[in-house]
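Going from the sequence shown to the numbering used here is simple: count from 1 and add 4.
C-beta atoms are modelled at their ideal positions from N, C-alpha and C, and glycine is treated no differently.
Predicted model, so just to flag it, every value in this text is computed and none were measured.
Written out below as structure tokens is the structure these notes cover.
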Amino acid sequence: MQKLRVVLYTLILITSVSVKGQEIIQVDSMKFPWYAPSINYVQFYHKSAIKHFYESLNQTDKMKISIMHMGDSHIQSEIPTGVARQLLQQKYGDGGRGLVFPYSAAKTYSSIHYSSKHAGNWQYAKTLKVPPTIPLGIMGMSIKTEDSTASLTYTFNNKFPSNYTTLKIYCNIDSLSYDVNIETDGVVYPVEINPLSLTNNLPYVTVNVSSISNVITLKCVKTKKSQKELLFYGLEITCNDDKGIVYHSAGVGGARFKGLLHIEKFNSHLKTINPDLVILDLGTNDFLYDDSIKSNLRSEIVEIITNIRIATPLASVLLCTTQDLYYKQKNIESCEKFSSLLQGVAKELDCALWDWFWISGGPKVLKNWQSEGLARTDLIHLTNSGYKVKGKLLYDGIENTMAYIKKNPTKDSLIIDVRKVKERKNREFSLHEIAKKDSVTLLPKSDSSKIQTTLVKEDKILDVQIKQVEVSPHIPVKHDSVVVHIPTSEVLTTKIDTQKVINVESVPTTLTTTLVPDSVISKEALLDSLNTLAVVAEQKRMDAKRTHSILPISDKISVLYKEEILQELISTKPIHKNSTKNTSKQLTISQKKLSETNETPVKDTVVTIVLPKPIKKTPKKPKYTYYKVRRGDNLSIIADRNRCTVDQLKTWNSLRRTTIDVGQSLVIMRK
């Protein structure tokens with residue numbers, strides 16, 4: 005009976021968690037062989053690097069602790085941080101939601117946990133573009149308005165717990181600032197932003213409310229002539245209970261490390277938040293575009309850590325490496341170099357390290373993530389599911405380290421040797437290259453007089469004898485042809501998957517999104533804009549999935565070549581010598597591949613595979629009429645009148661019984 009209660013309690017707990025937050029994806033190392041759970045730890049060279057956070061985490065039942073997670077586009081949508089927040093608060097207690105920002109006023113995508121909208125004219129600044137035009141806050145963004153009627157509205161996915169009764173408005177507190185009216189759960193709370201009445205020198209104004217609904221609105225109110233503007237940095241939502249965890253997530257798409265050095269309110273805001281753990285999760289935009297680690301990157305990271313130590317001397321600092329990345333289909337080798345760089349910084353400045361690069365699989369592994377639906381096609385960002393995996397693994401890494409320290413109180417360091425992981429990856433690369441080489445060079449020998457090209461369509465095989473023709477340096481082929489050079493000493497098997505042939509004529513000629521900048525746009529800004537589109541599309545897709553909507557037929561890709569029109573796909577044609585254009589795709593197997601054999605190379609054979617234009621077959625429309633049932637009719641009488649059988653009538657009209665009603669219309673098929 006006791007076991008049954010435990011099982012029921014567990015099911016109730018899991019259900020409540022999934023309703024309150026997002027679904028947590030469990031990471032199976034058997035399904036994802038690139039994941040290395042044995043190295044998923046928060047590393048430290050000395051226990052002092054993580055000691056404060058470890059001790060604070062064990063006292064969350066008596067005191068509230070906070071985590072400040074700063075990052076780039078991987079963090080702005082709050083998917084990985086949302087998962088980590090949910091799991092940590094589930095175990096150690098919910099101390100509050102943390103900081104939220106009205107992203108719509110900054111013209112960028114929002115967190116997946118809430119949306120925002122604004123009214124009036126707002127200026128904005130981000131760490132994406134430095135130096136900023138207006139002072140920046142700890143969220144890496146800020147907005148400013150001189151419109152006394154402007155407003156901001158947050159709409160959260162879920163209503164907050166009843167103990168969430170405190171709001172903190174981070175803004176400029178001076179004589180120029182407008183006052184604010186906060187409206188939530190049907191109640192309006194006037195807020196006076198007066199530096200004379202706020203003598204505590206805090207960078208925010210505290211508002212105590214009776215309850216918070218899922219909608220919070222802030223409206224500017226001008227009550228004095230001196231008031232001209234409102235400079236807003238964010239809103240913190242928390243509870244009065246002095247226990248649990250508050251997890252702040254501050255991500256800015258396209259941001260670099262140096263952007264944090266341009267946050268004017270960095271010291272005052274961080275000192276006020278007083279985090280027990282500061283997570284630095286940037287780096288992608290520092291080396292992505294040219295695949296190089298800049299000489300000043302290390303000094304920028306060191307300066308940021310120094311600023312954190314000045315603002316919060318006791319806080320533990322956790323450095324996160326980037327994942328494997330690609331840019332323009334080229335693998336970024338600097339990801340591994342960046343991992344080594346942060347290892348050196350962590351050792352020198354007594355910081356903790358979460359080596360996400362190796363935990364996620366090391367180099368050239370992101371395409372494996374993509375094949376599992378965890379990475380987007382840009383091979384830079386993850387999908388929603390991929391970011392949930394990252395958040396779950398971050399939580400696991402923290403928990404693994406907390407358990408390690410508890411189990412080994414005398415150990416002063418926890419360093420993971422990734423050399424074995426590197427050796428395993430090198431072996432995988434070597435085997436891959438050997439297999440790739442063997443697939444080209446180790447081809448079966450055969451008699452050149454019996455060579456055939458085989459076209460495979462499912463279980464149907466068409467064999468066509470190849471004719472010997474003369475090779476010309478310039479081969480004129482029509483647009484609907486594919487030319488294949490085949491050495492006559494080798495066998496080539498060509499497979500055509502008819503399910504993947506797309507009607508090119510049905511694809512729009514323009515598939516680009518035009519971005520019109522005020523001036524020259526940077527690569528980071530462009531990437532941020534593209535990521536915004538991707539996140540919005542992903543959010544719409546998830547919304548459609550939740551509402552069980554079905555895509556219209558017009559949005560689906562139709563198959564051009566059906567099995568019934570696969571006729572005479574292969575034909576050989578003579579090659580003209582005087583042609584100068586070659587608009588077809590060519591696949592040439594070089595004669596150098598036969599250098600290891602003693603056979604004398606022979607001339608290439610050219611086969612032209614002509615793809616016919618699609619044949620549109622219009623099915624014949626069945627001829628039918630309708631018969632309206634009259635008084636006294638039955639199926640037998642109607643069948644006799646229309647020269648058919650009762651069974652046919654039942655089949656045509658999907659009738660299970662012989663009972664029919666007067667006035668009912670029946671379908672009568674005609675031959």
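Exposed or buried, what is residue i when buried is set at 16 or more other beta-carbons lying within 10 Å of its beta-carbon?
| i | result |
| --- | --- |
| P317 | exposed |
| L200 | exposed |
| K332 | exposed |
| D665 | exposed |
| Q668 | exposed |
| I676 | Nothing in the structure corresponds to residue 676, since the chain is present only between 5 and 675. |
| K95 | exposed |
| I69 | buried |
| R674 | exposed |
| K394 | buried |
| E474 | Here E474 scores only 41 on pLDDT, less than 50, and its place in the model should not be relied on; the value that follows carries that caveat. The residue in question, E474, is exposed, as its Cβ has fewer than 16 Cβ neighbours within 10 Å. |
| P194 | exposed |
| I613 | Because the pLDDT of I613 is 47, which lies under 50, any placement of that residue in the model is unreliable, and the question is left without a value. |
| I314 | exposed |
| N388 | buried |
| R660 | exposed |
| M145 | buried |
| A407 | exposed |
| S594 | Confidence at S594 is low in this model, with a pLDDT of 42, below 50, so the placement of that residue should be treated as unreliable; the coordinate-derived value is given next. Burial call: exposed. |
| V192 | exposed |
At what residues does the alpha helix (DSSP H) containing residue i begin and finish?
| i | result |
| --- | --- |
| W362 | 360-363 |
| M406 | 388-411 |
| N289 | 288-291 |
| D651 | 650-656 |
| C339 | 338-353 |
| N311 | 301-315 |
| Y58 | 55-61 |
| L264 | 261-264 |
If you reduce the DSSP assignment to three classes, tell me which class residue i lands in.
| i | result |
| --- | --- |
| Y630 | strand |
| Y39 | coil |
| S272 | helix |
| V422 | coil |
| R635 | coil |
| L372 | The question names Leu, but residue 372 is Asn in the sequence shown. Helix at N372. |
| D245 | coil |
| F48 | strand |
| D442 | Reliability fails at D442, whose pLDDT of 49 lies under 50, so the model's placement of it is uncertain and no value is given. |
| A129 | strand |
| I277 | helix |
| A109 | helix |
| I642 | helix |
| I79 | helix |
| P521 | Only weak support is given to the placement of P521: the predicted model assigns it a pLDDT of 39, under 50, and the value that follows is read from those uncertain coordinates. Note: P521 maps to coil in three-state DSSP. |
Measure the beta-carbon distance from residue i to residue j and round it to whole angstroms, keeping in mind my assumption that it falls under 8 Å.
| i | j | result |
| --- | --- | --- |
| D359 | T325 | 5 Å |
| V650 | A643 | 5 Å |
| L301 | F261 | 7 Å |
| K133 | N185 | Not quite, the Cβ-Cβ distance comes to about 32 Å (not below 8 Å), so this is no contact. |
| L265 | M74 | Between M74 and L265 the Cβ distance is about 12 Å, and since that is not below 8 Å, they are no contact. |
| H273 | G141 | 6 Å |
| G124 | S155 | 7 Å |
| V31 | I241 | The pair is not a contact, with the Cβ atoms about 30 Å apart (cut-off 8 Å). |
| Q704 | G255 | An answer regarding residue 704 cannot be provided, because it is not within the stretch 5 to 675 covered by the chain. |
Assuming residue i is part of the beta strand (DSSP E), what are its boundary residues?
| i | result |
| --- | --- |
| F236 | 234-242 |
| L670 | 669-674 |
| P84 | Taken as a continuous stretch (DSSP letters only), P84 belongs to no beta strand (DSSP E), being part of the alpha helix (DSSP H) at 83-96. |
| I283 | 281-285 |
| K172 | 170-175 |
| S179 | Element bounds for S179: n/a, residue is neither H nor E. |
Going by DSSP, name the residue or residues bridged to residue i.
| i | result |
| --- | --- |
| Y251 | I71 |
| A379 | L386 |
| N335 | Y330 |
| I116 | Paired residue(s): none; I116 is not in a bridge. |
| V191 | T188 |
| L156 | H122, L222 |
| M143 | Looking at the DSSP assignment, M143 forms no beta bridge with any residue, so it has no partner. |
| T137 | Note: T137 sits in no beta bridge, so no partner. |
| S320 | L281 |
Please indicate yes or no: does the CB of residue i lie closer than 6 Å to some heavy atom of the ligand MN?
| i | result |
| --- | --- |
| D178 | For the structure depicted, the ligand MN is absent and the ligand set is empty, with no information on it obtainable. |
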